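Counting from 1, position 60 in the sequence shown corresponds to residue 60 in UniProt numbering; the numbering is continuous, with no gaps. For every residue, glycine included, the Cβ atom is placed at its ideal position computed from N, Cα and C. The structure presented is a predicted model; accordingly, all values stated were derived computationally and were not measured.
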Amino acid sequence: MASSPRTAMFFLALSLALLGDDLRRCSASQVYVVYMGKAPQGDRAPRRRRHAGLHRQMLTAVHDGSSEKAQASHVYTYSAGFQGFAAKLNEKQAIRLAEMPGVVSVFPNTKRRLRTTHSWDFMGLSTSAEGQVPGLSTENQENVIVGFIDTGDGVQLQ
1 MASSPRTAMF FLALSLALLG DDLRRCSASQ VYVVYMGKAP QGDRAPRRRR HAGLHRQMLT
61 AVHDGSSEKA QASHVYTYSA GFQGFAAKLN EKQAIRLAEM PGVVSVFPNT KRRLRTTHSW
121 DFMGLSTSAE GQVPGLSTEN QENVIVGFID TGDGVQLQ
């Protein structure tokens with residue numbers, strides 16, 4: 001029995017419609033952070049493994065039992081500053097996760113942009129051997145983290 005061109009076109013159109021629906025669902029997804037409270041003190045390695053299992057179970061539940069989809073949606077596990085994880089979800093899945101026990105909040109992950117490239121100059125540091133602050137320089141410095149908190153208040157010039 002030979003298939004007619006009409007049948008082939010029907011299945012092609014059906015396949016494209018289903019693919020389009022999947023693509024639409026994927027594009028509606030975004031990365032959400034699932035905050036589960038303050039991280040307890042102590043060794044993080046065993047805690048991270050234990051929480052990874054819990055996170056996998058939670059994601060499997062919102063992906064209708066599909067552990068493959070749950071694993072694919074997982075982005076990151078937070079264990080140092082707080083307990084939680086990041087996952088690529090749609091809005092319905094994020095709402096379902098927010099209703100689960102142990103979840104404090106679920107919110108979209110936002111990407112922040114660096115606002116300055118002149119922090120060294122602003123803080124009185126320079127690349128020369130001796131900066132404006134005696135004894136401080138960026139020359140020959142490695143693995144240095146400089147923290148700077150910007151309150152958002154503008155400098156009042158007179």
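Range covered by the beta strand (DSSP E) that runs through SER67: Within the sequence shown, the letter at position 67 stands for residue 67. Premise fails: SER67 lies in the alpha helix (DSSP H), 67–73, not in any beta strand (DSSP E).
Tell me whether LYS38 sits in a helix, a strand or coil according to DSSP, three-state version. Counting from 1 along the sequence shown, the entry for residue 38 is found at position 38. In the structure shown, LYS38 adopts extended strand secondary structure according to DSSP, grouped into three states.
Own chain residues within Cβ distance below 6 Å of GLN93, not counting five before or after: Numbered from 1 along the sequence shown, position 93 holds the residue referred to as residue 93. Taken in chain order, the residues that qualify are VAL62.
Have a look at the DSSP bridge pairing and note the partners of ALA13. For the purposes of this step, residue 13 is taken as residue 13 along the sequence shown, with counting starting at 1. Beta-bridge pairing links ALA13 to no other residue.
Exposure of GLY37, with buried meaning 16 or more beta-carbon neighbours within 10 Å: The residue labelled residue 37 in the question sits at position 37 within the sequence shown. Within a 10 Å sphere around the beta-carbon of GLY37 sit fewer than 16 other beta-carbons, which makes this residue exposed.
Here's the rule: buried if 16 or more other CB atoms are within 10 angstroms of the residue's CB, otherwise exposed. What is MET58? Locating residue 58 in the sequence shown gives position 58, counting from the first residue. The C-beta of MET58 has 16 or more other C-beta atoms within 10 Å across all chains shown, which makes the residue buried.
Give me the Cβ distance between ASN109 and VAL33, rounded to the nearest whole Å; I'm assuming they're in contact under 8 Å. Within the sequence shown, the letter at position 109 stands for residue 109. Within the sequence shown, the letter at position 33 stands for residue 33. About 5 Å; that satisfies the 8 Å criterion.
Could you tell me the alpha carbon to alpha carbon distance between LEU54 and GLU68, rounded to whole angstroms? Counting from 1 along the sequence shown, the entry for residue 54 is found at position 54. Counting from 1 along the sequence shown, the entry for residue 68 is found at position 68. Near 15 Å, if we compare the C-alpha coordinates of GLU68 and LEU54.
Beta-carbon proximity list for SER66, same chain, < 8 Å, skipping 5 on both sides: Locating residue 66 in the sequence shown gives position 66, counting from the first residue. Here the set comprises THR60.
Start and end of the beta strand (DSSP E) containing ALA86? Counted from its first residue, the sequence shown places residue 86 at position 86. Counting along the chain, the beta strand (DSSP E) containing ALA86 begins and ends at 82–89.
Give a yes or no on whether the C-beta atoms belonging to SER73 and ALA39 are separated by under 8 Å. Reading the sequence shown from its first residue, position 73 is the one you call residue 73. Reading the sequence shown from its first residue, position 39 is the one you call residue 39. In this structure, SER73 keeps its C-beta atom at 8 Å or more from the C-beta atom of ALA39.
Would you tell me roughly how many angstroms separate the C-alpha atoms of SER4 and LEU12, rounded to the nearest one? Stepping through the sequence shown from its first residue, residue 4 is reached at position 4. Stepping through the sequence shown from its first residue, residue 12 is reached at position 12. Near 13 Å, if we compare the C-alpha coordinates of LEU12 and SER4.
According to DSSP, is PRO5 part of a helix, a strand, or is it coil? The residue you call residue 5 lines up with position 5 of the sequence shown. Note: PRO5 maps to helix in three-state DSSP.
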